[in-house]
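Sequence order for the protein chains is A and B.
First residue of the first sequence? That's 3 in my numbering, and the numbers climb one at a time after it.
First residue of the second sequence? That's 3 in my numbering, and the numbers climb one at a time after it.
Each remark here refers to the structure printed beneath this line.
2 protein chains.
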Amino acid sequence: MKKPVPRATVQRLPLYLQLLDERADQPRTSSEELAVLAGVNAAKVRKDLSFLGSYGTRGVGYDVEQLRFEIRRALGLTRGWRLAIIGVGNLGSALANYGGFRAGGFGVAGLFDADPDKVGRDLGGLTVEPIEHLEQAVKERGIDIGVVAVPARAAQEVADRLVGCGVRSILNFAPTVIQVPEGVEVRRVDLSTELQVLGYHLHLLAGV
Amino acid sequence: MKKPVPRATVQRLPLYLQLLDERADQPRTSSEELAVLAGVNAAKVRKDLSFLGSYGTRGVGYDVEQLRFEIRRALGLTRGWRLAIIGVGNLGSALANYGGFRAGGFGVAGLFDADPDKVGRDLGGLTVEPIEHLEQAVKERGIDIGVVAVPARAAQEVADRLVGCGVRSILNFAPTVIQVPEGVEVRRVDLSTELQVLGYHLHLLAGV
DNA sequence: GCGTGTGAACATCTTCACAGCA
DNA sequence: TGCTGTGAAGATGTTCACACGC
């Protein structure tokens, strides 16, 4: 009975949710308002929201509170997911200290690093553990998502270990591509890629 | 005379380039090999690469060296772009120390922070400057891209200042949406969004 | 009247299947 | 023969335009 929300819509729902969270004080909003804020077309907003059901009121708009709830529900944010962050260099530390997780229903349930000098440090209320503890921690704490923030050369091994102990969702910040078996979802966040796409547009502007 | 490389292709070219860079020691590759590594369809790889021109050899494959050059050229990486990083908290520091920029033709040309305690620190070979220096630095150093790594509440102001002094490309790490005039390109990198998309898939799996 | 919800038109992207050339 | 390059088909995503119901 689950509705098949299109990929493209799933990618935008977090954006709408963020905008709505920032405007939780106002009672109502409209597809037009959300569209302007999100920088997209109003019809797209309506179509996206219609995949969740009919929660708007014709001639009036959407109830902000209800829409927040429905988006959270559609995204599965009503239950919390547990993260393990592997690698606590600058980036891993930034992630560990990032407060935005909690609001979205995500909780950091473990910090791991292969460097003995880093093990034992306190970060964002947790203590960094040796990477050897990873498997046991994933099982005991029911970790759902692995956040890979290690150097590129170590990323594949970390991913293998995560997959090996049952993790099916990986967020990869290492500037490399990791291979995983089918059924495991990886999202790559790569700074170089983002910059290169920006660079392409500058290049186009410069070339015209 | 510039070819209009489709958006979707531009997004994948950095990925191919990264894979090729990792395999710079081998002389040749094929669409099939790249496809497996990138986790996409081989026909897609061929079509993507065909937008750059016909640099493959039928029956043989692609010359790795040449392909790297052509992708770099298509993306405009033959000239370097200069970055300013605004905000040197954990994330900004991670970015400042990130070595992957240089390889892609990007150079960090300035670090800025509003916090007097952070001004003067050395990071990745640069000294953190007060945010008040931003406009002058952008002009004098020819900064092309602004990297926004400040808290959400400060992001819009920073973006306004960047736009105000002529920056037309912004990479936004702040968990908020910034409004910019037409002609300015913003790319958002948002950890919550990534996690929420992963969470949706877990949710689907769990619900079935 | 007004803003949602949605079929239909349009645009873009992906995949197939095979012609073309080394 | 083998792999590229590419029309054509198919899938997905976007936008339009208007019926619908408050």
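Every residue, glycine too, gets a C-beta built ideally from N, C-alpha and C.
Three or more beta-carbon pairs drawn from the region 55–63 of chain B and the region 20–37 of chain B are found closer than 8 angstroms, and the two stretches are therefore classed as touching.
Bridge pairing for residue 29 of chain B: absent [DSSP]. Residue 65 of chain B is bridged by DSSP to B/30. Interface flag for residue 15 of chain A against chain B is set, since a Cβ pair is found closer than 9 angstroms. Among the CB atoms of chain B, one or more fall inside 9 angstroms of the CB of residue 146 of chain A.
The C-alpha of residue 21 of chain B is placed about 15 angstroms away from the C-alpha of residue 174 of chain A. The beta carbon of residue 106 of chain B sits closer than 9 angstroms to some beta carbon of chain A. In the displayed model, residue 175 of chain A falls within coil according to three-state DSSP, outside both helix and strand.
Ranked by Cα distance from residue 150 of chain B, the options B/15, B/159, B/127, B/122 are led by B/159. DSSP places residue 60 of chain B outside both helix and strand once states are collapsed to three, so it counts as coil. In this chain, residue 102 of chain B is not harboured by any beta strand (DSSP E); it is covered by the alpha helix (DSSP H) spanning 102–105. It is roughly 14 angstroms from the alpha-carbon of residue 105 of chain B to the alpha-carbon of residue 73 of chain B. For residue 96 of chain A, the closest Cβ of chain B is nearer than 9 angstroms. Using a 10 angstroms sphere on the CB of residue 146 of chain A, the tally of other CB atoms reaches 16 or more, which defines it as buried.
Close partners of residue 183 of chain B in chain A (Cβ separation under 7 angstroms) are lacking, with about 12 angstroms as the shortest Cβ gap.
Taking 8 angstroms as the upper bound for CB-CB distance, residue 131 of chain A and residue 167 of chain A are not in contact here, some 14 angstroms apart. With a contact defined as Cβ atoms closer than 8 angstroms, residue 89 of chain A and residue 107 of chain A miss out at about 23 angstroms. For residue 64 of chain B, no Cβ of chain A is located within less than 9 angstroms of the residue's own Cβ. 9 angstroms or more divides the Cβ of residue 51 of chain B from the Cβ of residue 198 of chain A. In terms of CA proximity to residue 177 of chain A, A/195 leads the group A/195, A/27, A/113, A/119. Annotation: Cβ neighbours of residue 20 of chain A in chain B (cutoff 9 angstroms, chain order): 177, 178, 179, 192, 194, 195. Shown here, residue 38 of chain A sits in a helix according to DSSP, grouped into three states. Runs of alpha helix (DSSP H) with 4 or more residues, each lying fully within the region 186–210 of chain A, are found at 193–209, listed in chain order. Residue 98 of chain B sits in a helix when the DSSP states are folded into three classes.
Put simply, the CB of residue 41 of chain A is near chain B, with a gap under 9 angstroms to one of its CB atoms.
Beta bridge pairing from DSSP links residue 128 of chain B with B/125.
Sequence-distant Cβ neighbours of residue 170 of chain A in its own chain, meaning closer than 6 angstroms and more than five residues away, are 186. As the crow flies, the alpha-carbon of residue 46 of chain A is around 27 angstroms from that of residue 162 of chain B.
Using a Cβ-Cβ cut-off of 9 angstroms, residue 199 of chain B counts as an interface residue toward chain A, since at least one Cβ of chain A sits closer than that to its own.
Excluding the 5 residues flanking it on each side, residue 156 of chain B has same chain C-beta neighbours closer than 8 angstroms at 89, 116, 176, in chain order.
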